[in-house]
């Protein structure tokens with residue numbers, strides 16, 4: 022299949038026996054990751070994380086639990102950093118509270134996007150509401166427990182920061198107030214996947230690909246191909262423990278998004294994987310999502326942040342390169358970190374040349 026074709030235009034059956042039910046079976050398909058990668062996860066925000074947040078324009082908040090949706094924030098107007106462990110996010114009076122409690126913190130994740138930058142920042146921790154009498158705005162208090170950078174492959178596959186052709190395709194269909202699930206997915210090239218562990222700890226992971234890569238194989242059954250990654254496979258491992266997932270689907274260049282929720286399975290169904298091949302390279306497996314609910318909304322933070330304005334994209338000189346950040350997170354700033362940087366740089370360059 023070429024990068025602009027989508028074969029999922031009719032109902033496609035799948036083999037229920039192809040479902041992956043254990044991590045042992047998963048690891049028979051995706052080999053175990055280098056344990057050194059565990060060292061990349063920080064327990065608080067360091068200077069590299071703070072630098073990335075400073076360059077960011079958009080932040081997405083996902084809260085543990087069912088049917089919570091996503092909170093999307095303009096970083097420049099909504100985020101306050103109180104320490105390396107504490108962040109506050111303020112939303113307008115018309116924003117939902119995501120059913121977060123002031124009394125009982127719950128697991129949550131943040132995902133930061135910097136305009137024009139392929140890699141991103143992922144932060145996990147606990148969130149609660151700050152109760153302020155007489156204040157109509159909702160304030161989320163986020164306590165950081167984990168922070169790490171995420172590679173640029175999803176953004177590159179989706180052409181996240183080169184949305185000109187996608188905008189033309191979207192506008193050719195006209196601006197509508199309502200979209201069917203199929204219509205919106207046919208224009209989507211980038212999404213954020215929320216998964217939970219067995220004890221409902223959250224992760225947000227990006228999924229980016231050719232336009233329309235999120236394919237409906239039945240009226241309410243979605244197939245999401247799993248492209249090459251770092252083999253940590255935290256989202257897939259979470260799904261094996263807890264099938265409830267949510268997706269935030271985006272059309273690069275537009276301010277309208279799709280919130281989707283459902284039950285997920287991991288599959289290596291050969292027919293589905295072969296039909297998701299790009300340039301002759303097919304995924305080894307994918308995620309099936311039985312959609313239980315969805316809604317399309319106009320996301321004001323996307324327009325307010327001016328996220329897609331190319332004249333405001335972050336310059337390379339403004340941000341520490343991803344390989345250097347990852348190297349220092351794993352092995353520090355000394356000789357070992359500097360030596361690791363050369364290896365990581367070579368691996369990253371190879372990965373970016375082999376997106377599929």
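Residue numbers (our numbering): 22 to 377.
For every residue, glycine included, the Cβ atom is placed at its ideal position computed from N, Cα and C.
Note that the structure is predicted; figures quoted are calculated from it, not measured.
Exercise. In or out: residue 123 buried (at least 16 other Cβ within 10 Å) or exposed?
Worked result: exposed
Exercise. Would you call the segment 221-228 and the segment 276-285 touching, i.e. three or more CB-CB distances under 8 Å?
Worked result: no
For this session: Would you give the residue range spanned by the beta strand (DSSP E) that residue 75 belongs to?
Result: It is not in any beta strand (DSSP E) - residue 75 instead sits in the alpha helix (DSSP H) that spans 68-76.
Problem set entry | Rounded C-alpha distance that separates residue 204 from residue 182 | 22 Å
Exercise. If we count the other Cβ atoms within 10 Å of its Cβ and call it buried at 16 or more, is residue 231 buried or exposed?
Worked result: buried
For this session: Just the C-alpha distance for residue 115 and residue 319, rounded to the nearest angstrom, thanks.
Result: Only weak support is given to the placement of residue 115: the predicted model assigns it a pLDDT of 43, under 50, and the value that follows is read from those uncertain coordinates. Looking at the two C-alpha atoms, the distance is approximately 13 Å.
Exercise. What's the C-alpha gap between residue 70 and residue 37?
Worked result: 42 Å
Exercise. Hey, residue 61 and residue 321 are a contact pair by Cβ (cut 8 Å); roughly how many whole angstroms apart?
Worked result: Not confirmed; about 33 Å, so no contact.
Exercise. Between which two residues does the beta strand (DSSP E) containing residue 242 stretch?
Worked result: 242-247
Problem set entry | Proximity to residue 246 [Cα-Cα], best of 335, 66, 236 and 373 | 236
Exercise. Would you call the segment 260-273 and the segment 200-217 touching, i.e. three or more CB-CB distances under 8 Å?
Worked result: yes
Problem set entry | Per-residue DSSP class, three states only, for residue 372 | helix
Exercise. Straight-line CA distance for residue 50 to residue 82?
Worked result: 31 Å
For this session: Return yes when the C-beta of residue 311 is under 6 Å from any heavy atom of the ligand ADP, and no when it is not.
Result: Annotation note on the ligand ADP: not contained in the displayed structure, which lists no ligands.
Problem set entry | residue 55 to residue 200 span [Cα, whole Å] | 43 Å
Exercise. According to the neighbour-count rule (16 or more other Cβ atoms, all chains shown, within 10 Å of its Cβ), is residue 288 buried or exposed?
Worked result: buried
Exercise. Would you call the CB atoms of residue 111 and residue 99 closer than 7 Å?
Worked result: yes
Exercise. Applying the criterion that 16 or more other CB atoms from any shown protein chain within 10 Å of the CB defines a buried residue, is residue 363 buried or exposed?
Worked result: exposed
Exercise. Quick one: what does DSSP say residue 30 is sitting in, helix, strand or coil?
Worked result: Any reading at residue 30 must be qualified, since the residue scores a pLDDT of 48, below 50, and its modelled position is unreliable; no value is offered.
Exercise. Helix or strand or just coil, what does DSSP make of residue 225?
Worked result: strand
Exercise. Starting from residue 203 and walking both ways along the alpha helix (DSSP H), at which residues does that stretch end?
Worked result: 202-206
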